[in-house]
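Following: one structure in structure tokens, then a few remarks.
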Amino acid sequence: MNLKLAIGAVLRTLRSKEGRTRESLVEAGSTTYLGRLEDGKSSISIDKLELISETFGISPVTILTLAVATGRVETIQEVLARVRTELDAFEASGAFAELGDQIKDGELVARRPGKPIDHQRLENVLRCKSEGMSQKLTADTLGISKQTVHKLWNKEIS
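Residue 1 is where the sequence shown starts when you use full-length UniProt numbering, and the numbers rise one by one after that.
Written out as structure tokens, the structure reads:
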């Protein structure tokens, strides 16, 4: 089952469990939109997920956990165990510290525009250059385009 349908089933169940109508959730969205969500015909945004979860007094993660368990026909414990394993691996990789560096003063840190440089490729190009190879020979040796070699030729490793 896809996640849209599972979220629809979760929202229907939450609303039914509390005996609420779509109209009672109007602060989270129009009745038409809520109906489309419950019918699995619309995708939910993070902002709407947060609003809807607030109206039910639960975490957005709870709604997502229920939806994933429903969609994959797993128990909540299986979903949570997998998430725990994934989060532990994320933290062990050191990425959690990097995640904290992405936000400063409540805003995402601006990134430089354009595609990030492949540092391994840059090192290879500069190694070929230091060995006296031409740009064409470097491109042929590394199996990359002459344009890419040209772009990297005068860069420095940072």
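We put the CB at the ideal spot given by N, CA and C, even for glycine. Since we're looking at a predicted model, the values are computed, not measured.
If you reduce the DSSP assignment to three classes, tell me which class residue 107 lands in.
Correct three-state label for residue 107: strand.
On the criterion of 16 or more Cβ atoms from any shown chain inside 10 Å, does residue 73 qualify as buried, or is it exposed?
Under this definition residue 73 is an exposed residue.
Using 10 angstroms around the beta-carbon of residue 138, count the other beta-carbons present and answer buried if the total reaches 16, otherwise exposed.
Buried, because 16 or more other Cβ atoms sit within 10 Å of the Cβ of residue 138.
Provide the residue span of the alpha helix (DSSP H) that contains residue 25, from first to last.
Element bounds for residue 25: n/a, residue is neither H nor E.
Mind the definition here: the region 3-14 touches the region 61-69 only if three or more C-beta pairs lie below 8 Å; say whether that holds.
Output reads yes: the region 61-69 touches the region 3-14.
Mind checking residue 28: buried by the 16 CB within 10 Å criterion, or exposed?
Under this definition residue 28 is a buried residue.
What residues in its chain sit with their C-beta under 7 Å from that of residue 205, if we drop five residues either side in the sequence?
No answer is possible for residue 205: it lies beyond the span of the chain, which begins at 1 and ends at 158.
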